[in-house]
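Trainee: Quick note: the sequence shown uses this note's numbering, first residue 145, plus one each step. Ideal placement from N, C-alpha and C gives every residue a C-beta, glycine not left out. Predicted model only: the values in this text are computed from it and were never measured.
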Amino acid sequence: MSALIIGGGGYIGSSVAYYSHARNWDSVIVDNLSTGHADLAANAGCLLVEADLRDRQKVFALLQKCKPDIVLHFAARSLVAESVAAPSMYYGNNVVGTINLLDAMLASGVQNIIFSSSAAVYGIPHEIPITEEHSLLPISPYGWSKMMIEMMLADYSRAYGLQYVSLRYFNAAGAIPGAGIGERHEPESHLIPNILRSMLRKDGKVFEIYGNAYSTADGSCVRDYIHVEDLARAHIQAAQYLLDGGESTAVNLGNGKGYSVLDVIESAKRKLGSNIPYNIKPPRSGDPAVLVASAEKAGRILDWKPLWVSLDDIIGSAWEWHRKDCE
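#1: Taking the alpha carbon of alanine 182 as the point to measure from, which residue in Asp447, Asn315, Ile258 and Gly326 has its own alpha carbon closest?
#2: I'd like the list of long-range same chain contacts for alanine 161, defined as Cβ closer than 6 Å, with 5 residues on each side in sequence excluded.
#3: Could you name the residues of the same chain whose beta carbon sits closer than 6 Å to that of lysine 425, not counting the 5 residues immediately before and after it, in chain order?
#4: Label arginine 414 either buried or exposed according to how many other C-beta atoms from any shown protein chain fall within 10 Å of its C-beta, with 16 as the threshold for buried.
#5: Kindly say whether glycine 154, judged by its beta-carbon, lies nearer than 8 Å to any beta-carbon of chain B.
#6: Once the 5 residues before and after isoleucine 283 are set aside, which same chain residues still bring their CB inside 6 Å of it?
#7: Unbroken beta strand (DSSP E) runs of length 3 or more, entirely within the region 250-280: which are they?
#8: Buried or exposed: which applies to serine 159, given that a residue is buried once 16 or more other Cβ atoms fall within 10 Å of its Cβ?
#9: So what does DSSP say about tyrosine 358, is it helix, strand or coil?
#10: Are histidine 379 and isoleucine 458 closer than 8 Å when you measure CB to CB?
#11: Closest by CA to valine 215, which one among Asp388, Arg221, Met145 and Arg328?
#12: The alpha helix (DSSP H) spanning tyrosine 234 covers which residue range?
#13: Do the region 390-404 and the region 321-337 meet, that is, are 3 or more Cβ pairs less than 8 Å apart?
#14: Under 8 Å, do alanine 205 and asparagine 176 count as touching if we go by C-beta distance?
#15: Give the straight-line distance between the Cα atoms of aspartate 388 and leucine 306, rounded to the nearest whole angstrom.
#16: Give the DSSP-derived three-state secondary structure of aspartate 170 in the structure shown.
#17: Per DSSP, what kind of secondary structure is valine 366 in: helix, strand or coil?
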C-alpha cells in the first residue's frame, strides 16, 4: 500500500503515519510545517516533503511523481476562535488547498482519499448521541470549511468518480505508547494537554475551566474522547474499505461515551496522584454543552471499534508523552 499523508507532521497525521509505517505501508508525509513538526514526522518513520497545498504547481508535480494508492488528508488550520477572527486563512488554507489537492489527484489518476473531518460540522447538536444523519449546521468558519470540503468530495465523487471516506473525529486524545509522537499545539486549546501541561509548568499559571453552568450533571461541558491510536486504526481500515470497493461515505469516530471537564480533571488527578488547581472563567461562545458520537456506522462498515475505552488509560498515555516532551 502506498500513501501520501498530507499534514503528516501534526498530532493525528503523524500518529497515523507511524501506524501505517508499522504495517509496512510505503508512506510519504507532506507538510508545510506551519503547525506541524519535523520531529514528529521523523518519529513516524516516513519521508517528509515540505510543501503547501496552496502551491498548486508543486502539488500537481508531487502527485504526478508519487501516484499513491491513497491520499490521507489531515492538513488544516483547526482553531475555532482563530477561524472566527481570520476566516480568510481558513477558507484559503483548508478549502482552496483541498481543491488543489483533489484536482492534482484527478490529473494523476489517484482516485482514493481519506479526509480528516470533524464533529464541528454538526454545530450545536439537537440529539445525543450524534449520528451521521444529524443535520450539518457548523457555527464557525473552521466547521464550515470542513463541511465545504465534505460537499466538494461528494461533488467530485459524482462528477469524476473520486472515492472518499470522511472521518468525523470527536475529541482526539492520548498518545501511541513508545511512538515518540503526541499532542503539541501552539497555542494549545485542547483540554487534556492543557491540564497535563499546567502540572508540568513552573510559571505559577493555573488551569482554567470555561463555564460551570451548562445543562450537564456537574455544569461543565461534556465531550467524547477518542484515543489517537484508535483513530489511526480507523484510517487503516477506511483505506482498506475503499480499496476493496467500498462506497464513498462519512463516518463518526468516537468512544460513544461522554466525560465532563470535571470528570477529566478527576481522572488526571488519579493518574498524577496530585491535586489539580483550576479557575473558572466565563463560557466560550458557541461551545455546545454535550458532544457525544454514535460510532455504530464505523463498526458496521469499517469493522472498527475503539479499544482504548478507559479515560484513565487515555490520559495516562498522554501524560507519558507530555512528561517526556517537556523534559
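Mentor: So, from the data block:
#1: It is Gly326.
#2: Excluding the 5 residues flanking it on each side, alanine 161 has same chain C-beta neighbours closer than 6 Å at Ile149, Gly152, Ser171, Ile173, Ala188 and Cys190, in chain order.
#3: Answer for lysine 425: Glu352 and Tyr354, listed in chain order.
#4: By the 10 Å Cβ count, arginine 414 comes out exposed.
#5: No chain B appears in this structure, which consists of one protein chain only.
#6: Taking C-beta separations shorter than 6 Å and ignoring five residues to either side along the sequence, the partners of isoleucine 283 in its chain run Gly267 and Gly430, following chain order.
#7: If only complete runs of 3 or more residues are kept, the region 250-280 shows the beta strand (DSSP E) at 256-262, in order along the chain.
#8: Answer is buried; the Cβ neighbour count reaches 16.
#9: Of the three classes helix, strand and coil, the one that applies to tyrosine 358 here is coil, per DSSP.
#10: Not in contact: histidine 379 and isoleucine 458 (Cβ atoms no closer than 8 Å).
#11: Per the C-alpha coordinates, the member of Asp388, Arg221, Met145 and Arg328 positioned closest to valine 215 is Met145.
#12: Where tyrosine 234 is concerned, the enclosing alpha helix (DSSP H) starts and stops at 231-234.
#13: These segments do not touch.
#14: No, Cβ-Cβ distance for alanine 205 and asparagine 176 is not below 8 Å.
#15: When rounded, the separation of the alpha-carbon atoms in aspartate 388 and leucine 306 is 14 Å.
#16: Aspartate 170: strand per DSSP, three-state reduction.
#17: Strand.
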